[in-house]
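Q: Before we start, here is the structure in question, set down as structure tokens.
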Amino acid sequence: MAFLNAVRERLGLAPNQSPDAARPAPDADGAATGFTRSVYGPWLKNVPGDLTFRLCVEGYGEFIADCIKGRDAPFLFLDIGANIGVFSLLADTVPSCRAAYAFEPVPATFANLKANVAFNDARKVTPVNAAIAESGGGKVWLSYNPAHSGLSAITGRHRRAVEATALGARGLAALITEWPRTIVAKIDVEGSEADVVEILARTPFYGALNDIVVEISSRNTNATTRDRLLAVLAAHGFEMRARAGDEDHYDAHFQRPASKR
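Numbering (my numbering), first residue to last: 86 to 346.
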């Protein structure tokens with residue numbers, strides 16, 4: 086319990102906070118209070134000049150949204166690289182979603198994520214200010230460009246890098262202690278996707294991880310990083326079911342057959 090409370094304190098969560106903690110109800114006129122409704126439904130805090138915000142408002146297409154919405158059986162949603170949380174907020178509206186954890190390490194982006202969770206009264210969503218990464222010191226450094234916040238990536242420590250909390254397998258195990266039979270993970274972390282899959286594989290809830298929706302790109306990273314991700318997914322028994330996008334940059338839906346779990 087002491088370790089669990091220490092993890093929650095480090096992530097900015099109350100000791101007993103749950104996804105059902107009460108949050109303020111959204112204003113009836115979001116536009117008048119600095120929020121814009123996304124094509125996916127949720128209201129998003131206006132972030133002028135950020136291309137990622139504009140894409141969240143106008144939409145990335147229906148591929149990722151359909152992977153979240155089209156579910157009848159109970160599931161837990163892990164939004165790893167949540168940015169301002171549009172897909173966590175969408176999951177919150179799906180009746181079969183039991184809980185969602187939105188992981189966003191960059192403090193400025195996380196502040197907008199928390200504002201969106203509160204404004205939408207998204208009671209199933211727990212925002213977590215951390216990167217899924219193993220680090221001996223419990224910290225990582227990320228690049229950050231406010232003009233395109235979604236391109237933040239783990240990098241070396243330098244003058245312009247942003248410091249963030251790192252949450253590894255042990256921290257995840259302390260944070261997520263209950264889950265249904267199915268877990269769905271959306272992973273978009275600009276080149277660290279394979280590392281995230283390896284960390285998830287060391288958690289107690291890994292056996293329930295049935296679906297991974299992930300960005301695969303040799304355009305934003307390189308072919309070596311892309312090939313390693315595909316190899317790690319295959320090694321863990323995940324098979325591609327569908328994809329959308331260009332040859333060098335696409336979103337893909339992977340599933341793990343029960344026989345390989």
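We treat Cβ as the ideally placed atom computed from N, Cα and C, and that holds for glycine.
Using alpha carbons as the reference points, say which of Glu332, Gly126 and Val191 lies closest to Ala249.
A: Along the sequence shown, read from residue 1 onward, the residue named residue 249 stands at position 164. When only C-alpha atoms are compared, the closest one is Val191.
Q: Taking Gly134 as the reference, give the member of Arg245, Glu278, Ser234 and Asn168 with the closest Cα.
A: As a working note, residue 134 is residue 49 in the sequence shown. Comparing Cα positions, the closest option is Ser234.
Q: On a Cα-Cα basis, can you pick out the residue from Ser303, Val317 and Arg266 that is closest to Arg183?
A: For the purposes of this step, residue 183 is taken as residue 98 along the sequence shown, with counting starting at 1. For Arg183, the nearest C-alpha among the options comes from Arg266.
Q: With Lys271 and Ile169 assumed to form a contact (beta carbons below 8 Å), what rounded beta-carbon distance in angstroms separates them?
A: Taking the sequence shown and counting its residues from 1, one reaches residue 271 at position 186. Taking the sequence shown and counting its residues from 1, one reaches residue 169 at position 84. No, Lys271 and Ile169 are not in contact; Cβ-Cβ is about 14 Å, not under 8 Å.
Q: Do three or more CB pairs link the segment 268-284 to the segment 150-170 at distances below 8 Å?
A: With the cut-off at 8 Å, the segment 268-284 and the segment 150-170 touch.
Q: Do three or more CB pairs link the segment 222-231 to the segment 245-259 at distances below 8 Å?
A: Contact holds between the segment 222-231 and the segment 245-259, because three or more Cβ pairs, one in each stretch, are under 8 Å apart.
Q: Answer with buried or exposed for Arg311, where buried requires no fewer than 16 other C-beta atoms within 10 angstroms of its C-beta.
A: Within the sequence shown, the letter at position 226 stands for residue 311. Flag for Arg311 reads buried.
Q: Is Val299 helix, strand or coil when you go by DSSP?
A: Within the sequence shown, numbered from 1, the residue matching residue 299 stands at position 214. Correct three-state label for Val299: strand.
Q: Tell me which same chain residues have a C-beta within less than 6 Å of the C-beta of Glu300, skipping the five on either side of it?
A: If you number the sequence shown from 1, residue 300 lands on position 215. For Glu300, where only same-chain residues beyond five positions count, the Cβ hits under 6 Å are Asp273 and Asp336.
Q: Can you tell me whether DSSP reads Glu189 as helix, strand or coil?
A: As a first step, residue 189 is located in the sequence shown; it is residue number 104 there, counting from the start. If DSSP states are grouped into helix, strand and coil, Glu189 belongs with coil.
Q: Excluding the 5 residues preceding and the 5 following Ser103 in the sequence, name in chain order all residues of the same chain whose CB lies nearer than 6 Å to its CB.
A: Start at 1 with the first residue of the sequence shown, and residue 103 comes out as number 18. In this predicted model, Ser103 has a pLDDT of only 44, less than 50, meaning its place in the structure is not dependable enough to derive any value.
Q: Entirely within the segment 176-223 and at least 3 residues each: give me those beta strand (DSSP E) ranges in chain order.
A: 182-188 and 210-213
Q: Could you please give me the residues that DSSP links to Gly330 through a beta bridge?
A: By one-based count along the sequence shown, residue 330 stands at place 245. Gly330 pairs with Tyr335.
Q: Taking all protein chains shown into account, do 16 or more other C-beta atoms lie within 10 angstroms of the C-beta of Pro289, making it buried, or fewer, making it exposed?
A: Along the sequence shown, one-based indexing puts residue 289 at 204. Exposed, by the Cβ-count rule.
Q: State yes or no: is the C-beta of Gly241 within less than 8 Å of the C-beta of Thr178?
A: Numbered from 1 along the sequence shown, position 156 holds the residue referred to as residue 241. Numbered from 1 along the sequence shown, position 93 holds the residue referred to as residue 178. No; because the gap between Cβ atoms is not below 8 Å, this pair is not in contact.
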